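**Student:** Please find one structure pasted underneath; my questions will follow.
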Amino acid sequence: MRIPLKKINRALKKRFGGRVQAVVERGVLVLRGSAEDWDGVVAAGRLAASPKSRWYTVNEVTWPGAAQRQPKPVPQTDESLAGRAPDVLLIGAGVTGAAIARELMRRNVDLLWVEKEHDVALHASSRNDGMVHPGVDLHKGTAKYHYNRLGNRMYGGVCAALGVPFRRTGQYLCFKGRAMRPLLYFTLPYWKWLGLSGVRVLGDKALHAAEPGVDEALHCGLLFPQAGIVCPYGLTIAMAENAVQNGAHLSLDTCVTGMDVENGRILAVHTNRGTVRPRIVINAAGVFCEDIAQMAQDHFFSIHPRKGTNAILDKKAKRMVRTIYSGMGTTATKTVHSKGGGIVSTVDGNVLVGPDAVETPEKEDFSTSVQSVRATFEKQRHAAPALRESDIITYF
Ligand SMILES: Cc1cc2nc3c(=O)[nH]c(=O)nc-3n(C[C@H](O)[C@H](O)[C@H](O)COP(=O)(O)OP(=O)(O)OC[C@H]3O[C@@H](n4cnc5c(N)ncnc54)[C@H](O)[C@@H]3O)c2cc1C
């Protein structure tokens, strides 16, 4: 596939005045140079690629604060795994690792599963909205599109098998102005083409009957019936327990720190509990997957971590929210980047509001801020004006 290198370099020159350049190496676009701050690093990435780009991009642009960042120290060291040679070494015990472990154990694989934290689901997999996305904003032909659709369909069966609560609530995108309603009908062929069946246009009455908390100024909406909600850590823990019951060896407090690689093959994997020699390595390390890929000398993508703050409201807020919804087309929703979400009715009967989306160089920045909570409420009140910060029982 052709990478428009000249065009990208022109755009980078305009923004960075020659301090950042793009080159193509091993078929991958690589950005090098220095930016004024982390936002500059992210801007370079955005100039070089978009979610629609078909090429891989590695962003090696540095910024003044980069040198001060300290990696989290590894947990205590011992040799308890030294000499192990499992069929598969699986790195990371979030929802992705847990799903992979469960599937592998159905095939009786000798699995060593390592997680650097003291429990499963301590990173993004315990700190999200629990929305099972229908794939409204995905691009046909991408891997994300393919797997989102496949995964969405599997949720009912997997959750039933594990006894994990899951509700296919549907998701409403609500719009201002009665004039929008006929236009929404024109979008229906697009959703069908995207593979989303059963999408419906709702008028004023139907929308407010379905979701009584929706702002009266929102007159119509689209219903995506494939959307659902699940408890993200509940699902991860259930899949992990299932894998362990079926023979997976899960080693917690175990951090992968390096690899020996020869001719493109991983010969050994170093951890704080000794060196192991697996036949296959599976990388499910979340936002750290690029670091693991780098250890395996297979660095072909970069991750710009992005955090968001969510608030959980008291159950009395439930009268406003039965499903998942958000208001579209207001100034508050026209943000540069988003993590999706909105106003979500959780499987426990609470209401979850958020998240916002903040670029951060830190992959383990779990901090929250009052500004984020306020910004989230301000945005979501365009859809549900009765949302009150005083109903918050916790935030994360
Ligand atoms: C605010 C927010 C809201 C979101 N809402 C939704 C939503 O509603 N729906 C949705 O589908 N997605 C949502 N997401 C995204 C979703 O949370 C993630 O895509 C998902 O949790 C990623 O799971 P994972 O298993 O790939 O990664 P993680 O959960 O991050 O797990 C990776 C694990 O790898 C471990 N690890 C990393 N490096 C090493 C190493 N060197 N050695 C050993 N272990 C290592 C980490 O400790 C971690 O436990 C949201 C994300 C955020 C931040």
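Heads up: the sequence shown begins at 1031 in our numbering, then just goes up one per residue.
A virtual CB, placed ideally from N, CA and C, is assigned to each residue, including glycine.
Remember, it's a predicted structure, so these values are computed and weren't measured experimentally.
(1) Where T1361 and G1371 are concerned, what is the direct C-alpha to C-alpha distance, given to the nearest angstrom?
(2) Which word fits D1108, buried or exposed, when buried means at least 16 other C-beta atoms lie within 10 angstroms of its C-beta?
(3) How far does the alpha helix (DSSP H) with N1313 in it extend, from its first residue to its last?
(4) For I1130, which residues of its own chain have a beta-carbon under 8 Å away from its beta-carbon, when the five flanking residues on both sides are left out?
(5) Quick one: give me the first and last residue of the alpha helix (DSSP H) that A1239 is part of.
(6) Helix, strand or coil for D1421 per DSSP?
(7) N1178 and L1168 look like a contact to me (Cβ under 8 Å); what is the Cβ gap, rounded to whole Å?
(8) Quick check: is any heavy atom of ligand 3 less than 8 Å from the C-beta of A1347?
(9) Where do the ends of the alpha helix (DSSP H) carrying A1052 lie?
(10) Work out the CA separation of L1343 and V1381 for me, nearest whole Å.
(11) Shortest alpha-carbon distance to L1077 belongs to which of Q1100, E1055 and Q1051?
(12) Assuming contact is defined by CB atoms lying nearer than 9 Å, are F1331 and K1393 in contact in what I supplied?
(13) Less than 8 Å between C-beta atoms, sequence neighbours within five positions excluded: which residues of the same chain meet that for L1218?
(14) Do I1354 and Y1220 come within 9 Å of each other at the CB atom, strictly closer than that value?
(15) Using the Cα positions of E1241 and A1414, report the straight-line distance between them to the nearest angstrom.
(16) State the beta-bridge partners of D1000 as determined by DSSP.
(17) Whose CA, out of G1075, G1070, M1184 and G1057, lies closest to the CA of I1038?
(18) Could you name the residues of the same chain whose beta carbon sits closer than 7 Å to that of F1254, not counting the 5 residues immediately before and after it, in chain order?
(19) Roughly how many angstroms lie between the CA atoms of K1364 and D1159, to the nearest whole one?
(20) Taking 8 Å as the cut-off, is the beta-carbon of T1287 closer than that to any non-hydrogen atom of ligand 1?
(21) Hey, does G1338 have any beta-carbon neighbour from chain D nearer than 9 Å?
(22) For P1081, count the other beta carbons within 10 Å of its own beta carbon; 16 or more makes it buried, fewer makes it exposed. Which is it?
(23) Specify the secondary structure class of S1356 as computed by DSSP and reduced to three states.
(24) Looking only at C-alpha atoms, which of D1069, Q1100, F1426 and P1101 sits nearest to N1089?
**Tutor:** On the basis of the coordinates in this document:
(1) To locate residue 1361, count along the sequence shown from 1; it is residue 331. To locate residue 1371, count along the sequence shown from 1; it is residue 341. With a pLDDT of only 49 at T1361, under the threshold of 50, the placement of this residue in the model should not be trusted, and no figure is reported.
(2) For the purposes of this step, residue 1108 is taken as residue 78 along the sequence shown, with counting starting at 1. Flag for D1108 reads exposed.
(3) For the purposes of this step, residue 1313 is taken as the residue at position 283 of the sequence shown. First-last for N1313: I1310 to N1313, but that is the beta strand (DSSP E), not the alpha helix (DSSP H).
(4) Looking up residue 1130 in the sequence shown gives position 100. Result list for I1130: L1120, I1312 and A1314, in chain order.
(5) Taking the first residue of the sequence shown as position 1, residue 1239 is located at position 209. Where A1239 is concerned, the enclosing alpha helix (DSSP H) stretches over D1234 to A1240.
(6) Locating residue 1421 in the sequence shown gives position 391, counting from the first residue. Helix, per DSSP.
(7) The residue you call residue 1178 lines up with position 148 of the sequence shown. The residue you call residue 1168 lines up with position 138 of the sequence shown. Indeed, because the Cβ distance is near 6 Å, the residues count as touching under 8 Å.
(8) Of the ligands one can find in the structure shown, namely ligand 1, none is ligand 3.
(9) Working through the sequence shown from its first residue, we reach residue 1052 at position 22. A1052 -> not in any alpha helix (DSSP H); beta strand (DSSP E) instead, spanning V1050 to E1055.
(10) For the purposes of this step, residue 1381 is taken as the residue at position 351 of the sequence shown. For the purposes of this step, residue 1343 is taken as the residue at position 313 of the sequence shown. Distance between the alpha carbons of V1381 and L1343 is about 5 Å.
(11) Taking the first residue of the sequence shown as position 1, residue 1077 is located at position 47. Here the closest residue by C-alpha is Q1051.
(12) The sequence position of residue 1331 within the sequence shown is 301, counting from 1. The sequence position of residue 1393 within the sequence shown is 363, counting from 1. The answer is no: Cβ separation not under 9 Å.
(13) In the sequence shown, counting from the first residue as 1, residue 1218 sits at position 188. Cβ neighbours of L1218 beyond the five flanking positions: V1229 and V1231.
(14) For the purposes of this step, residue 1220 is identified with residue 190 of the sequence shown, where counting begins at 1. For the purposes of this step, residue 1354 is identified with residue 324 of the sequence shown, where counting begins at 1. Contact: no.
(15) For this step, residue 1241 is matched to residue 211 along the sequence shown. For this step, residue 1414 is matched to residue 384 along the sequence shown. Spanning the two alpha carbons is a distance of roughly 10 Å.
(16) With the chain covering 1031 to 1426 only, the question about residue 1000 has no answer from this structure.
(17) As a position in the sequence shown, residue 1038 is number 8, starting the count at 1. Taking only the C-alpha atoms, the option nearest I1038 is G1075.
(18) On the sequence shown, position 224 is the one that residue 1254 refers to. Counting only Cβ-Cβ distances below 7 Å, and skipping sequence neighbours, we find P1164, V1166, G1200, Q1201, L1226 and V1229.
(19) Taking the sequence shown and counting its residues from 1, the one referred to as residue 1364 is at position 334. Taking the sequence shown and counting its residues from 1, the one referred to as residue 1159 is at position 129. With a pLDDT of 49 at K1364, under the threshold of 50, the modelled position of that residue is not reliable, and the figure given next carries that caveat. Whole-angstrom Cα-Cα distance: 20 Å.
(20) Taking the sequence shown and counting its residues from 1, one reaches residue 1287 at position 257. Yes, ligand 1 has a heavy atom inside 8 Å of this Cβ.
(21) In the structure shown, chain D cannot be found, because there is only a single protein chain.
(22) Position 51 of the sequence shown, counted from the start, is the residue given in the question as residue 1081. With fewer than 16 other Cβ atoms within 10 Å, it is exposed.
(23) Taking the first residue of the sequence shown as 1, we reach residue 1356 at position 326. In the structure shown, S1356 sits in a strand (DSSP, three-state: E or B).
(24) Counting from 1 along the sequence shown, the entry for residue 1089 is found at position 59. Nearest option by C-alpha distance: D1069.
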